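**Student:** Protein chains in written order, with my numbering: chain A, 2 to 529; chain B, 2 to 348.
Don't be surprised by glycine CBs; every beta carbon is placed ideally from N, CA and C.
This one's a predicted model, so the numbers in the text were calculated from it and none came from an experiment.
Below you will find the structure I want to go over with you.
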Ligand SMILES: Nc1ncnc2c1ncn2[C@@H]1O[C@H](COP(=O)(O)OP(=O)(O)OP(=O)(O)O)[C@@H](O)[C@H]1O
Ligand SMILES: [Mg+2]
C-alpha cells in the first residue's frame, strides 16, 4: 500500500549514493532467503546485494534456483523464510504489483506479452493513463515515445506493431520498455539472450550499459559465459540453491566460472572427428513456404542433408528458418517444391505420416508452443510423440511400466533434474525442460534429426553433453539439420554451413571454409 | 457462507442445515432419494468433464440426455417377450447410442466447419427438446396435427409415452418401496471407465494432449479432429446413458418435462469435481444432497428451497474462482493477525 512513496525514496537514496561514491548503498538486499518446493529446496539461505548502476550477472546450473530467487524478488512467490529490502526498507511483497510499485521489474525467461495486442498496448497494460475512467492512448503514446527517445536509437520500436508479428529480439525490447515505463530502477532479466543472435545480443548490451549509466541496477541471468565477461560488473554464482561465490569479470575466466558453477571443470569444446557422409537422407528441392499472413518465408530453396552429416543453418531470426523447419516436419503447408525423406515423398505429409515413414527427431525452436505439455508429468512428456509405438502401448493400452522405465533411462542419461518422474513438467527449471525435449528427440534408428536451438537455456555442462550427443547421432549415421542463432554452436558442430537470409539459402559451403566473420557478413545478407 | 446468507435473510442456519441433512439422509426413503438423484448428476458431470479434458465445452448435456431418454424409451416400449438380459441392455444401448450421435454432431461440425461447440450444443439442446416433445405429442383434435410416434393413445390428451415394458426396466435394489435402482451402479461403473480411459489408454492420453495443447498434439502426430469428434461422441453417450437410466429406472416412461435439471448442474459438477471422476462422484453426491434436502429444509425451517440454488451457485463460484477464495481467506487471516497484534502494540 505504501509502496508508491517507497519508489521515490529509492530515487532519493540513489541520488545521495551517487554523491558519495565511496559509500554506495545497496538498492536491493536479499537476506537469508530460503524457498522450499515439495521435495526440493530451491533456495537456501541466500544473501545478495545489488547496487545502483551495476550489472550483476547471476550464474548457475539448470535448476540451481536462479529463476526462483528472481521470482521471489519480484513478488511472484513468497519466500519460505528470509527478507528482501529495497532502498533499506523491508519489502512486504504480496504480489508483483507491490514489487513494481517498489521499482522492481522482471523480464521473464518466457515472455509475458499479450501476443494479439500492439506494442503500445502491451507497454502500458495495467498502467494506462485514464481520463475520467476513459483510456487516453495519445498520452500513453507520448510517454512511451519520450522514454524511447531518451535511449536514442537503442529502443527503436514501432508502437503500433502487433506482438505476434515481431521477432524475439523486438519482443525483448518491448519487455524492457514496459519495465522502464513502470519506473523500474531494478531490472531483472532472466536469460534474455537465449533467443538472440550475436548482433542482437550486442545491441541489447549497449542498451543495458546505457541504463546502468543512468543508475538502473540490473540483474542479468545467462548461461553464455562469454556474455558475462562482456557485460557484467559483478558475478554471483549459485549452486544447488546456495550462493557459492562472487567474482568480477576481470578476475575470472570462462573456465573458472564453469568450474564454480558445476564443481568440476567441463570441457567447453567438442572433440569432433570428420564425418563420413553417406547417401542423401533429406532432399529439399525448390521449396517455397508462406507465412500465415501470406508473405513468402521460404523462397525456392534447395539443399540436401546426407546420412552421417550435420548441416548447420545459421541466420538471424525471422529469415525463414522457423517456417522451413515447420514445412519439413509437417506442421506447416508447403506452397511449392518437394521434400523427400529417406527416398519417400513427404512434401505434403502430416507430422503423423512422417512419423510413420520412419520418422524425424524434431527439437522445436520454441519448446513451449509445440514440444511439451506443462501440466503433464515428466514421464508422460518423454513419450508425448511416442505413445502410439510398440514399447509404450499395446492393444491401445498404455504400458506404464515401459513408460516409466524409459523416463528413468532418459532422465539419467540427460541429467534431467526432477524430484520425481510424476512431477509436472511445468515445475521443472527451464533448462531441464529443454533437456527433456532434447532427450526425447534423440532416438536411435531415426533417419533424420532436426534440431532447432537445441541448447536454448541449457547450462554449460549440459550444452557440452548435448553437443556430444548430436555428434554421436551423426557418427551413427543420422542426418542432422541443425538450426541455431548461436554461431559458436554452428561452428562447433556443423560439417557444412548455410545461412538463411530473407527466405533464401546463401553461402552453402563446408565448415572448414567458414569462420565467424564470414558468417556474420552472410547473415547480414552480404555474400562473400 | 450459505449459513451467513440464511442468517442475513433472517432464518436459523442450524435449523436449515439439520433440515437439509434430514431431508437427504434422515430416513431410508430420503437417503434413497439422494442416491437416486446422484446417478444422472454423476453421468452428466462426467460427460461435461470428459469433453473438457479434450478442450471442449459441452453445454449440450441436456440435449444429449433428452435424446438418450427418447432412444431408450423407443426400444423399451416395444419388443414384447424379450428376456430382461437382452431387452434392458438393448434399451440402455439405444439411449447411449442416441446420446452419442447427438454429441457427435457438434464435434463433427467443429472439425469440418470450425463452428464453435458452445453455439452448436446450445442450439442442439433446443432441437432436442422440440424433437423429444414431438415424439410423445398427443396431437390436436382441433387441427389435423398428428400425434407423435411414441405417444400413448390411452393417455388421452396428455403428451406422454406408454410405460416401458417390464423387461426393459432397471431393477430396484431393495424392493420397489425405496425406489433405488441399479442405475447408481452403472453410474459408478461409468466413472471408473472414464478414469481408466483417461489414465490407462492411448486414446485417453491423446485426448488429454489435444485438450491441453492442440499444437503439441499435432507436433506429436496425433489426430486432433478425430479426437474431437470422439470426445464429443463419448460425452454424448454418457449424457445419453443418464437419460436412459432416468427413464428406464425411475419414470418408466417419457414425458417432455422429465429432462429438466441436468443442464447447468452438469457443468457445475464437472467444474467442482475438477474434472476427476472421483471428484465428480463426490460433487454429484453433494448436489444430490442439496437437491433432495431442499424441500425438507423448506418444510422444517421455512427457508425457501430457492436458497439451495443460491448455495449451489455460491459453491460453484468458489470452486471455479480459487483466487476469490484465496483472497477471502487472506482477508480473514489478515484481520485475525491484526487483532492478535493489537494488544502487543499497546503493551
Ligand atoms: N513451481 C514449482 N514447483 C516445484 N518445484 C519447482 C517449482 N519451480 C521451481 N522448482 C524447482 O526449483 C528448483 C530451481 O528451479 P529454477 O527454475 O529456479 O532453476 P534455474 O536456476 O532458473 O534453472 P534454469 O537455468 O534451468 O532456468 C528446480 O529443482 C525446480 O525443479
Ligand atoms: Mg530459470
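On a Cα-Cα basis, can you pick out the residue from B/313, B/214, B/43, B/132 that is closest to residue 56 of chain B?
**Tutor:** Comparing Cα positions, the closest option is B/214.
**Student:** Should residue 54 of chain B be flagged as near chain A, meaning a C-beta pair shorter than 8 Å?
**Tutor:** So, not an interface residue.
**Student:** Could you tell me if residue 59 of chain B is buried or exposed, where buried requires 16 or more neighbouring beta carbons within 10 angstroms of its beta carbon?
**Tutor:** Result: buried.
**Student:** Along the chain, where does the alpha helix (DSSP H) that runs through residue 214 of chain A open and close?
**Tutor:** Its alpha helix (DSSP H) spans residues 199–214.
**Student:** Is residue 202 of chain A near ligand 1, with its Cβ less than 7 Å from a heavy atom?
**Tutor:** No, the beta carbon of residue 202 of chain A sits no closer than 7 Å to any heavy atom of ligand 1.
**Student:** Mapping DSSP to helix, strand and coil, what is residue 522 of chain A?
**Tutor:** Helix.
**Student:** State the DSSP-derived secondary structure class of residue 382 of chain A, mapped to helix, strand or coil.
**Tutor:** Looking at residue 382 of chain A - three-state DSSP - the assignment turns out to be helix.
**Student:** Return yes when the C-beta of residue 487 of chain A is under 7 Å from any heavy atom of ligand 1, and no when it is not.
**Tutor:** Incorrect: residue 487 of chain A has no Cβ contact closer than 7 Å to ligand 1.
**Student:** Does any CB atom of chain B fall closer than 8 Å to the CB of residue 373 of chain A?
**Tutor:** It does: the Cβ of residue 373 of chain A has a partner Cβ on chain B nearer than 8 Å.
**Student:** Would you report the Cα separation of residue 295 of chain B and residue 234 of chain B, rounded to the nearest angstrom?
**Tutor:** Residue 295 of chain B and residue 234 of chain B: Cα-Cα distance of roughly 34 Å.
**Student:** How close, in whole Å, do the beta carbons of residue 441 of chain A and residue 310 of chain A come, if the pair is a contact with beta carbons under 8 Å?
**Tutor:** Rounded, the Cβ-Cβ distance is 23 Å, inconsistent with contact.
**Student:** How do the stretch 168–179 of chain B and the stretch 248–257 of chain B stand: do at least 3 beta-carbon pairs fall below 8 Å, yes or no?
**Tutor:** In short, these stretches touch, since the Cβ pair count reaches three.
**Student:** Please list the residues of the stretch 210–226 of chain B that have a C-beta atom closer than 9 Å to any C-beta atom in chain A, keeping them in chain order.
**Tutor:** Cβ contacts with chain A come from 210, 213, 214, 216, 217, 218, 219, 220, 221, 222, 223, 224.
**Student:** Do you know how far the Cα of residue 168 of chain A is from the Cα of residue 145 of chain A?
**Tutor:** Spanning the two alpha carbons is a distance of roughly 20 Å.
**Student:** Kindly give me the distance between the Cβ atoms of residue 361 of chain A and residue 323 of chain A, rounded to whole angstroms, as I take these residues to be in contact under 8 Å.
**Tutor:** The pair is not a contact, with the Cβ atoms about 16 Å apart (cut-off 8 Å).
**Student:** What residues in the stretch 190–209 of chain B bring their beta carbon closer than 9 Å to a beta carbon of chain D?
**Tutor:** Absence of chain D from the displayed structure is noted, the protein chains being A and B.
**Student:** Please go through the stretch 51–103 of chain A and give each complete beta strand (DSSP E) segment of 3 or more residues, from N-terminal end onward.
**Tutor:** Runs of the beta strand (DSSP E) inside the stretch 51–103 of chain A: 56–61, 82–87.
**Student:** By the 10 Å Cβ neighbour count, where 16 or more other Cβ atoms means buried, how is residue 302 of chain A classified, buried or exposed?
**Tutor:** That one is buried.
**Student:** When DSSP builds the beta bridges, which residues end up paired with residue 310 of chain A?
**Tutor:** Answer is A/480.
**Student:** Going by DSSP, name the residue or residues bridged to residue 502 of chain A.
**Tutor:** Note: residue 502 of chain A sits in a beta bridge opposite A/505.
**Student:** Is residue 109 of chain A helix, strand or coil when you go by DSSP?
**Tutor:** Coil.
**Student:** Determine the extent of the beta strand (DSSP E) in which residue 235 of chain A is found, giving its start and end residues.
**Tutor:** Unbroken beta strand (DSSP E) run through residue 235 of chain A: 235–240.
**Student:** Between residue 313 of chain A and chain B, is there a C-beta pair that is closer than 8 Å?
**Tutor:** So no, residue 313 of chain A is outside the interface.
**Student:** Strictly below 8 Å CB to CB, what residues from chain B border residue 376 of chain A?
**Tutor:** Neighbours of residue 376 of chain A on chain B, chain order: 213.
**Student:** Measuring from the CB of residue 431 of chain A, is there a heavy atom of ligand 2 at a distance below 7 Å?
**Tutor:** The answer is yes for residue 431 of chain A.
**Student:** If residue 366 of chain A and residue 453 of chain A are in contact, beta carbons under 8 Å, what's the gap, nearest whole angstrom?
**Tutor:** The Cβ separation is near 4 Å, so the contact holds.
**Student:** Mind checking if residue 397 of chain A is an interface residue toward chain B, Cβ cutoff 8 Å exclusive?
**Tutor:** It does: the Cβ of residue 397 of chain A has a partner Cβ on chain B nearer than 8 Å.
**Student:** Counting only beta-carbon separations shorter than 8 Å, does residue 388 of chain A have a partner in chain B?
**Tutor:** So yes, residue 388 of chain A belongs to the interface.
**Student:** Within 10 angstroms of the Cβ of residue 513 of chain A, are there 16 or more other Cβ atoms? Answer buried if so, exposed if not.
**Tutor:** Exposed is the call here.
**Student:** Compare the C-beta of residue 521 of chain A against all C-beta atoms of chain B and say whether one is closer than 8 Å.
**Tutor:** No - not a single Cβ of chain B is within 8 Å of the one on residue 521 of chain A.
**Student:** Apply the 10 Å Cβ neighbour rule to residue 69 of chain B and answer buried if 16 or more other Cβ atoms are within range, or exposed otherwise.
**Tutor:** The residue in question, residue 69 of chain B, is buried, as its Cβ has 16 or more Cβ neighbours within 10 Å.
**Student:** Where residue 191 of chain B and residue 86 of chain B are concerned, what is the direct C-alpha to C-alpha distance, given to the nearest angstrom?
**Tutor:** Spanning the two alpha carbons is a distance of roughly 19 Å.
**Student:** Beta carbon of residue 510 of chain A, beta carbon of residue 315 of chain A: below 8 Å?
**Tutor:** For residue 510 of chain A and residue 315 of chain A, no; Cβs fall outside 8 Å.
**Student:** Out of A/214, A/86, A/448, A/404, state which residue places its alpha-carbon closest to the alpha-carbon of residue 33 of chain A.
**Tutor:** Answer by Cα proximity: A/86.
**Student:** Within a Cβ cutoff of 7 Å, which residues of the same chain sit near residue 42 of chain B, ignoring the five residues on either side of it in sequence?
**Tutor:** Result list for residue 42 of chain B: 266, 270, 285, 288, 289, in chain order.
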